[in-house]
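Please read the structure below before turning to the comments.
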Amino acid sequence: MSQLQATPVADKADLGASLREFWHYFSVNRGAVIGLVVFTLLVLVAIFAPLIAPHSPDQQFRDAILTPPVWDAMGDPRFLLGTDPVGRDVLSRLIHGARYSLFIGLFVVVGALFVGVILGVLAGYFGGWVDALIMRVMDIILAFPSLLLALVLVAILGPGLFNAMVAIAVVLQPHFARLVRAAVMAEKNREYVTAAKMSGAGHLRLMLVTILPNCLGPLIVQATLSFSNAILDAAALGFLGMGAQPPTPEWGTMLATAREFILRAPWVVTFPGLAILITVLAINLIGDGMRDALDPKLKRS
Amino acid sequence: MLNFILRRLALIVPTVIGITLCAFFFVRVLPGDPILAMAGQHGVTPERYEILREQFGYNLPLWQQYFNYLGNVLQGNFGVSLATKRPVITEFMTLFPATIELALVAMIFAVVVGIPAGIFAAVKRGSWFDQLTMGVALTGYSMPIFWWGLLLIIFFSGYLGWTPVSGRIALTFFLRPITGFMLIDTLLYGNWPAFVSALRHLILPAVVLGTIPLAVIARQTRSAMLEVLGEDYVRTARAKGLSARRVVNVHALRNALIPVITTIGLQVGLLLGGAILTETIFSWPGIGKWMIDSISKRDYVVVQSGLLLIALIVMAVNLAVDVLYAVINPRIRVK
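First to last, the sequence lines map onto chains A and B. Per the working numbering, residue -9 is the first one in the first sequence, and the count goes up by one each step. Per the working numbering, residue 283 is the first one in the second sequence, and the count goes up by one each step.
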């Protein structure tokens, strides 16, 4: 792998080989494979939510308010996981909620990745005052506890799912910038970069085509971990009333509206949280597996 | 050493200035006029508006406003809460001990459980204990703590009735704060039942807040320990015929703990962020709940100053960790 990283990813056969090698090491890790399977199922659930969900997430069954799950003596076979305080089917809301959580994760990671990579490459490649300026701004963002900063940003932008996603992307983005900067600084004096410079490659080409592909490994791992962080933070903001607003079936928001019923109807609290935990756990398992598979040090042992 | 500390301090200066700029501009970028926001629903007459504008210095150029703000902050003047009309710094000082107490106990819990768990997992690598510990740690690391808190309330407060649902101490006890730390104050008064009550109130929030640090510490200890156990000097110690226990406790552990201590220090920001959620769930009267309440009440003076104070505290702790790290690990100082 170290060999592969030292030479720029040039042709497709090379890429295929490194992918195969990656999969070889990834698939040995049982946890990672389980995580991948669970995550794939979640993606399928999210895509086909309207087909799978037994009811509409917003339909209120006024005759069945706070029905317990089906295995309870008071349960109703129509509502497998019971109903919430206004008689909506918890399972259907959870299934639709998967769409929100996965979309939040994707949006935040893509946003943070995009901005973070640009800033990191600029800082690492040019160094000097560009580097100093960008990294000091990143330091400032990282000086605040991330959830607090996200909360304050949402207070400025106004509560809502979109603003919450933007705020989370802003607070997660410095991690990408730092990572890319370090990787670019390590790579930019290597021989292949000098060679490309000699043959007349411009700044843009050197940054994006020559150097960046060789920093991908750690970036992918960071992206995976940020994906799960984004889902957790968005749920936390929803829970605090600053994220998605009711009646959106977002898992954190569902928890917030169910809070006062915790002792009377534990199921309306239990299942949304369990959904968050399972999703985040699956993604973290994948992230751990990828980190191990991409780490040349662990492979030799 | 002094040189190292001075260099670290110099590095921090731009960040601190940046933080004050953030806090300053926070109120300026809010939608709506700050004076109208302060006036609330009653509104103000145009004449009064002009007077207030002058009084708060909003008629000055922006850079002058910033320096006035900075001057106030340096003198410890953080403004007056719009909601309670009390100085922000007074409110902060009353509430901060509650958060420190919660965070400290959470951290002690995380360290006391996390480090031994990580060591055992590393020593018995691949055993069922290792797999179980790492499974639990990853679950803890993935935990939405606001939900975890609710689950614990359902089980321990609702089902078993062992712990109270919210607050710091039963309302029947009224103690004038001495240190502000409930556990210490109750002991200073020699009021045993009050101490027990405070402890029962503290236990669930501390477990909830400590869960993620616990997971991080256990994982970090295990991997640091595994790395150290593979080193030559550990092999030498074994070859010398030292007992396994001595090799682990003396030769391996000391070196493995260095990165763990850094990790512990870096959890402070995370703890203060987590405190927002934990304090909200358990109605714990600390700065986390204070901040979220102020955000929803639109008490922007509190949010502005609270943000600044919390960021400065996190920075100070991180600096202290850096220095401590340099004390234990002299190699760092040279760079």
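Built from N, CA and C at the ideal position, the CB exists for glycine as well. Note that the structure is a prediction, hence the values are computed from the model and not measured.
Length of the line joining the Cα atoms of residue i and residue j
i                 : j                 : result
Phe93 of chain A  : Ile221 of chain A : 9 Å
Asn600 of chain B : Met188 of chain A : 43 Å
Ile435 of chain B : Gln163 of chain A : 35 Å
Ala133 of chain A : Gln235 of chain A : 29 Å
Ile558 of chain B : Ser448 of chain B : 14 Å
Leu508 of chain B : Thr247 of chain A : 45 Å
Val510 of chain B : Thr503 of chain B : 10 Å
Val174 of chain A : Arg168 of chain A : 10 Å
Leu31 of chain A  : Gly95 of chain A  : 16 Å
Asp581 of chain B : Leu209 of chain A : 39 Å
Arg520 of chain B : Ala305 of chain B : 56 Å
Gly277 of chain A : Ile546 of chain B : 22 Å
Ala224 of chain A : Gly190 of chain A : 46 Å
Thr269 of chain A : Val27 of chain A  : 11 Å
Gln357 of chain B : Gln49 of chain A  : 57 Å
Ala476 of chain B : Thr468 of chain B : 6 Å
Gly551 of chain B : Leu486 of chain B : 20 Å
Asp604 of chain B : Leu442 of chain B : 44 Å
Tyr331 of chain B : Gln347 of chain B : 18 Å
Phe97 of chain A  : Gln337 of chain B : 44 Å
Asn537 of chain B : Glu513 of chain B : 10 Å
Gly233 of chain A : Ala39 of chain A  : 22 Å
Integer Cβ distance of residue i from residue j, believed to fall under 8 Å
i                 : j                 : result
Thr184 of chain A : Ile273 of chain A : The Cβ separation is near 38 Å, so there is no contact.
Gly106 of chain A : Phe166 of chain A : 3 Å
Gly422 of chain B : Ala497 of chain B : 3 Å
Leu139 of chain A : Val161 of chain A : 5 Å
Ile540 of chain B : Asn611 of chain B : 6 Å
Pro75 of chain A  : Phe251 of chain A : 6 Å
Phe29 of chain A  : Met280 of chain A : At roughly 12 Å, the Cβ-Cβ gap does not stay under 8 Å, so Phe29 of chain A and Met280 of chain A are not in contact.
Same chain only: Cβ atoms within 6 Å of residue i, ignoring 5 sequence neighbours per side
i                  : result
Ile124 of chain A  : Leu109 and Ala113
Leu81 of chain A   : Leu70 and Leu71
Ala500 of chain B  : Gly396, Ala399, Gly400 and Ala419
Phe12 of chain A   : Ala283
Tyr90 of chain A   : Glu240
Ala88 of chain A   : Leu32, Val35 and Ala36
Asn350 of chain B  : Gly339
Leu(-6) of chain A : Here Leu(-6) of chain A scores only 41 on pLDDT, less than 50, and its place in the model is too uncertain to base an answer on.
Ala(-4) of chain A : The predicted position of Ala(-4) of chain A is uncertain, since its pLDDT is 42 and thus under 50; a value taken from the coordinates is nonetheless stated next. The answer is none, since no qualifying residue turns up.
Ile301 of chain B  : Ala593
Contacts around residue i, its chain only, beta-carbon distance under 7 Å, and the 5 residues preceding and following it disregarded
i                 : result
Tyr471 of chain B : Leu457
Met464 of chain B : Glu383, Arg450, Ile451 and Ala480
Arg290 of chain A : Confidence is the limiting factor: at Arg290 of chain A the pLDDT is only 44, short of 50, which leaves the residue's position unreliable and the question unanswerable from this model.
Phe217 of chain A : Gly95, Val99 and Ile273
8 Å Cβ cutoff met for residue i and residue j
i                 : j                 : result
Asp66 of chain A  : Ala54 of chain A  : yes
Met597 of chain B : Val298 of chain B : yes
Val583 of chain B : Ile577 of chain B : no
Gly228 of chain A : Thr243 of chain A : yes
Val529 of chain B : Val516 of chain B : yes
Ala43 of chain A  : His14 of chain A  : no
Leu245 of chain A : Trp566 of chain B : no
Ile563 of chain B : Gly588 of chain B : no
Thr445 of chain B : Arg407 of chain B : no
Thr276 of chain B : Leu453 of chain B : Because chain B here runs from 283 to 617, residue 276 of chain B falls outside it and cannot be looked at.
Ala608 of chain B : Phe286 of chain B : yes
Gly25 of chain A  : Phe51 of chain A  : no
Heavy atom of the ligand COA within 7 Å of residue i beta-carbon
i                 : result
Val447 of chain B : Absence of the ligand COA is noted for the structure shown, with no ligands found whatsoever.
Own chain, CB closer than 8 Å to residue i, minus 5 neighbours either side, in chain order
i                 : result
Asn473 of chain B : Phe455 and Leu457
Gln212 of chain A : His165, Phe166 and Leu169
- Task: Would you list, in sequence order, the uninterrupted alpha helix (DSSP H) runs of no fewer than 4 residues that lie entirely inside the segment 114 to 153 of chain A?
- Result: 118 to 133 and 136 to 147
- Item | Complete runs of the alpha helix (DSSP H) confined to the segment 163 to 225 of chain A [at least 4 residues] | 181 to 188
- Curious, which full-length beta strand (DSSP E) runs of at least 3 residues does the segment 214 to 280 of chain A contain? none
- Query: Which ranges would you report for the alpha helix (DSSP H) in the segment -5 to 57 of chain A if only whole runs of at least 4 residues count?
  - Reply: 2 to 18, 20 to 37 and 39 to 42
- Which parts of the segment 498 to 539 of chain B are runs of the alpha helix (DSSP H), unbroken and 4 residues or longer, counting only runs that do not cross its ends? Assignment of alpha helix (DSSP H) within the segment 498 to 539 of chain B, counting only whole runs of 4 or more residues, yields 514 to 521 in chain order.
- Message: Quick check on the DSSP output: what are the complete alpha helix (DSSP H) runs of length 4 or more inside the segment 389 to 477 of chain B, in order along the chain?
- Response: Entirely contained in the segment 389 to 477 of chain B, the alpha helix (DSSP H) runs reaching 4 residues are, in chain order, 410 to 423, 427 to 434 and 464 to 470.
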